[in-house]
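In this text, residue positions in the sequence shown follow UniProt numbering: the first is 1, and each later residue adds one. Heads up, the beta-carbon is just placed ideally off N, CA and C, and yes, glycines get one too. Please read all numbers here as calculations on a predicted model, not as lab measurements. What follows is a single structure, written as structure tokens, with notes after it.
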Amino acid sequence: MVITLKWIYKIKLDELGGNLKNKARFVARGYRQEEGIDFEESFAPVARLEAIRIFLAYAAHRNMVVYQMDVKTAFLNGNLREDVYVSQPDVFVDPNNPNHVYKLKKALYGLKQAPRTWYDMLSSFLLSQDFSKGSVDPTLFIRKNGNDLLLVQIYVDDIIFAATTLELCDLFANMMCSKFKMSMMRKISFFLGLQISQNPRGIFINQSKYALESLKKYGFESCDPVDTPMVKKSKLDDDKEGKTIDPSHYRGSAYRKARTCAFADADHAGCQDTHQSTSGSVQFLGERLISWSLKGQKSAAISSTKVEYIALSSCCAQILWMRLQLSDYGLAFNKIPMYCDNKSAIALCCNNVQHSRSKHIDIRYHFIKEHVENRVIKLYFINTEYQLADLFTKALGRDRIEFLTNKLGMRSFMLETLKKLMNDEDE
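In structure tokens, the structure reads:
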């Protein structure tokens, strides 16, 4: 199949929404490609947002400065494995051979396999420069030489990196510039929607721009603030005529020590319509909040023990992923503490005997028992007052919310503060 081409014109915006420059790009109409004929593999690994937070947390732990750079026209560097033919571009048709087509050697934007070919090219180059690829995260590359350490995390054509010395950072920047056309190296300030600032006290993350855009989108710019977004102990049913809203709150996180732990919690039959429960969990690396989750359970439960047990199992899956991810950084964890405020659920996790009260629970949730037995996870009872995941499962009063957000390393700011914060980032 011959793939046609077209010009795309757009205005590129900066991090704060201002006009940065006009862009024109020659792209292929890849939507006409057929799998198995025009391409075989199109998936390109991308870093999870939790992996980015782990990268920043580890950099803060080692007192590293994080830099960012991106590759110009990255996809054009990828080598094609398949035979791909494209038509002659409009206005540039050869008058002597108007029916001829081109065979591509390099990828073009718009081709299904373009992201994959770029990843393969960059990965091969980094491996040839004595980097090793993460065993869990294929977008993490590590180079060690004695006590010197260079970390590189890629997200398509955006690259962040940190090293124990500034010389290593300069070495990596020169290495990349010798192979690809790169933008200027600079301290990381905006990455995947996260506004990031670095100072001697640590690395701080906020989403003030996203929060302000969400307030503007839903017409809340002039609304009066309230102590809490929900009424305490209220039961809400499904609003059939309501409009779906995706509000966002400012979040900040300060980074200090290195260890890992998790908190898991659940409400019981909190949904008034379906009587289903909600699982909530938070995971830490030291005092740094790495990931959090709020998810409705798929079935109604007959007891609070079951819903807490399911929440513990979901939290365990996330903490195990973090454990594997951190192994690429040379950090090993066992007996990872997980905190729950339900003694019966903890007892169920530690007891491998099946009995009448637990035999109905889906088998996929029982894997936590194996990891408790192997001492990868260690469960602790915690009083509900100190259950940090409580914030994600129910409406709370103002004092309670302020207590929990402070423990989570988060800050909630008024609209005026968000605007000031965004203006400070702009300056």
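Closest by C-alpha distance to residue i, when choosing among the options
i, options, result
"A262", "Q387, F190, I142, C169", "Q387"
"K378", "A347, R116, Q68", "A347"
"F161", "Y309, F191, M322, K407", "F191"
"L108", "T4, L49, I54", "T4"
"R186", "R398, A173, L396", "A173"
"P337", "N22, L404, L285", "L285"
"Q88", "A74, L80, K103", "K103"
"Y119", "P45, C177, T165, K133", "P45"
"H366", "F381, T165, C350, Y380", "C350"
"I142", "G330, D224, S304", "G330"
"K394", "L294, C169, R411, Y309", "L294"
"G296", "L126, M182, I310, I382", "I310"
"L168", "G146, D157, D158, V156", "G146"
"D148", "R53, V156, L166, R116", "L166"
"N383", "E402, K343, I401", "K343"
"Y155", "I52, F125, P95", "I52"
"A163", "K144, M175, M176, D157", "K144"
"R48", "M184, F204, D137", "D137"
"L126", "P95, N97, I159", "I159"
"M368", "F381, L396, L320, E402", "The sequence as given places Ile at residue 368; Met does not occur at that position. Nearest option by C-alpha distance: L320."
Extent of the continuous alpha helix (DSSP H) run through residue i
i, result
"M176", "166-179"
"I306", "Rather than Ile, the amino acid found at residue 306 in this sequence is Lys. It spans 304-327 - the alpha helix (DSSP H) in which K306 sits, taken as one unbroken run."
"I346", "343-350"
"L212", "208-217"
Collapsed DSSP secondary structure at residue i in the structure displayed
i, result
"I52", "helix"
"I382", "coil"
"G18", "coil"
"E41", "coil"
"E287", "coil"
"D148", "strand"
"K394", "coil"
"R251", "For R251, the predicted structure reports a pLDDT of 40, less than 50, and the residue's modelled location is therefore unreliable. A value from the coordinates is still provided. Residue state, collapsed to three classes: coil."
"A47", "coil"
"I377", "strand"
"R400", "helix"
"Y109", "coil"
"G30", "helix"
"F75", "helix"
"T405", "helix"
"L140", "strand"
"L294", "strand"
Residue i vs residue j beta-carbon contact at 9 Å
i, j, result
"F392", "S281", "yes"
"I188", "Q68", "yes"
"Q207", "L215", "no"
"V307", "D341", "no"
"Q113", "L76", "no"
"F55", "Q129", "no"
"G202", "A60", "yes"
"Y85", "V101", "yes"
"F180", "A317", "no"
"R116", "F26", "no"
"L151", "M64", "yes"
"S327", "S123", "no"
"K10", "K23", "yes"
"K335", "R398", "no"
"E82", "E40", "yes"
"A332", "T305", "no"
Residue-chain proximity (residue i, chain B), Cβ-Cβ < 9 Å
i, result
"K369", "No chain B is present in this structure, which holds just one protein chain."
Cβ-Cβ separation, residue j to residue i (assumed contact under 8 Å), whole Å
i, j, result
"S291", "E50", "4 Å"
"Q198", "V66", "7 Å"
"A264", "L312", "5 Å"
"T260", "M322", "6 Å"
"G409", "R288", "7 Å"
"M175", "M182", "Their Cβ separation, rounded to whole angstroms, is 10 Å, which puts M175 and M182 out of contact at 8 Å."
"residue 430", "K106", "Limits of the chain in this structure are 1 at one end and 427 at the other, which puts residue 430 out of reach."
Segment limits, beta strand (DSSP E) that includes residue i
i, result
"P115", "P115 -> not in any beta strand (DSSP E); alpha helix (DSSP H) instead, spanning 114-128."
"residue 442", "Given that the chain is displayed from residue 1 to residue 427, the structure contains no residue 442 and the question cannot be resolved."
"S197", "194-199"
"A332", "From DSSP, A332 is part of no beta strand (DSSP E); its letter is neither H nor E."
"I11", "5-13"
"Q68", "66-70"
"M338", "336-340"
"D265", "260-266"
"D158", "158-163"
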